[in-house]
Amino acid sequence: MFFLKKIIRELKRKVTIVFIHHGRVKPLRFNFSMVFLFALFFGWTGLTLWAGFVSGKHIDYLAVKADNKITKIRMLFFADQLRKSKEILLQIKQNDEHIRSLLAMDSKRIIIENGLGYGGPTPIESSALAMLLSGKINNVDYQNIANQSFELLEEYKASMKSYSEVIKYINKQREIFRYTPSIWPCEGIISSPYGIRFHPIFNNKIFHPAIDIANEKNTPIVSTADGVVVFSGWQSGYGNVIAIEHGRKYRTIYAHLAKSLVKKGEIVVRGQEIAKMGSTGRATGPHVHYEVHLNKKPVNPIKYLTSYLD
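Note that my numbering has the sequence shown beginning at 111, numbered continuously upward.
Shown next as structure tokens:
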């Protein structure tokens, strides 16, 4: 109790502060109680701390605001890039349709019906994107941008699926082209057609399952498609003969050859020289007896004689 009274007595003591001017002005005296000085000290300290706290919060607010503005500007840039990407993707889709048209492929409608590539921005979304790109930073719609990004990804997947179909189709057509007899086996003139004819030696009507192409002896004879030699040798009536399998559907036969240049089991390609023209077997002069079989049945080779080799 005595200690408390002593503290109260000390706080009531007066403190005199004197300001002495170096001129003739009288000194200024100020009397303050210790209570006032302590109150002033703690008040000033509290005010300083509060001001520092408020200033820190304000600085943090300004920093966050600046970061948000930078983020929104970046989102604007991203949205603009997204718009350009959609324009490029639209051009890709148009090119894809053009390629499909040239290749006589089915439309991409099949892909759409399968659930890929379906969608696109609604009028509201398009309006939101236009507003976004007009420079109104505070109107950035992050969800709209996220939705468009997702749609762009789905459209990209659909385009990749479509391109895979196009490549697959091209490869299939290329394989069909490679394994389909599509050129003349040699240069010359057709001396005997496909079908019923009078046999040049026996002089009776007989079915001729080939065409005869006549030219000078040793005229080069080529394979009319890619394939595998399944026979190369002598056959009664045919003379020297070569048979080539082209995939699972076609077979070609070249007969009356002066010389064979390939052996059984050998792989040949379209346009590769395989023999020399002759008149071996039952023949009246140099020519090649050329047969085309489709699914193991002879067909008229005329429709496969599209052009001579260059």
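Ideal Cβ placement from N, Cα and C applies to all residues, glycine included.
Strictly by DSSP, which residues pair up with residue i?
| i | result |
| --- | --- |
| W344 | N350 |
| I323 | I300, V398 |
| V378 | G337 |
| P408 | H403 |
| F317 | I306 |
| R361 | E355, H403 |
Leaving out five residues on either side along the sequence, give the residues of the same chain with a beta carbon under 8 Å from the beta carbon of residue i.
| i | result |
| --- | --- |
| F152 | none |
| K327 | A368, K386, M387, G388, S389, P396 |
| K282 | none |
Taking the Cβ atom as the reference point for each residue, do residue i and residue j lie within a distance shorter than 8 Å?
| i | j | result |
| --- | --- | --- |
| P396 | H356 | no |
| S333 | I300 | no |
| I323 | Y414 | no |
| F317 | G305 | yes |
| T155 | R139 | no |
So which of the options has the shortest CA-CA distance to residue i?
| i | options | result |
| --- | --- | --- |
| Y348 | T329, V398, S333, R307 | V398 |
| A268 | S211, I202, A320, N325 | I202 |
| E264 | W294, V351, S195 | S195 |
| L262 | L404, I198, K315, W344 | I198 |
| N350 | R392, I321, E383 | R392 |
| Y279 | R139, K315, I209 | I209 |
| S211 | V276, W160, L157 | V276 |
| H403 | G162, L150, V164, A320 | A320 |
| W344 | N325, P408, H366 | H366 |
| V409 | P303, L157, A149, I331 | P303 |
| I331 | K315, S370, F308 | S370 |
| G298 | P411, N325, N205 | N325 |
Can you find the residues in the same chain that come closer than 7 Å, C-beta to C-beta, to residue i, ignoring five residues on each side of it along the sequence?
| i | result |
| --- | --- |
| N224 | Legend: pLDDT at N224 = 44, less than 50; position of this residue unreliable, value from coordinates given subsequently. The answer is none, since no qualifying residue turns up. |
| V372 | V339, S342, I352, V378, I384 |
| N405 | K359 |
| T416 | S292, I293 |
Could you pull out every residue in the same chain whose Cβ sits closer than 6 Å to the Cβ of residue i, ignoring the five residues on either side in sequence?
| i | result |
| --- | --- |
| T329 | C296, M387 |
Stretch pair the segment 354-370 + the segment 262-272: three plus CB contacts closer than 8 Å: Not touching, per the Cβ criterion.
Between the segment 337-349 and the segment 377-384, do at least 3 Cβ pairs fall closer than 8 Å? With a cut-off of 8 Å, the segment 377-384 and the segment 337-349 count as touching, because enough Cβ pairs lie within range.
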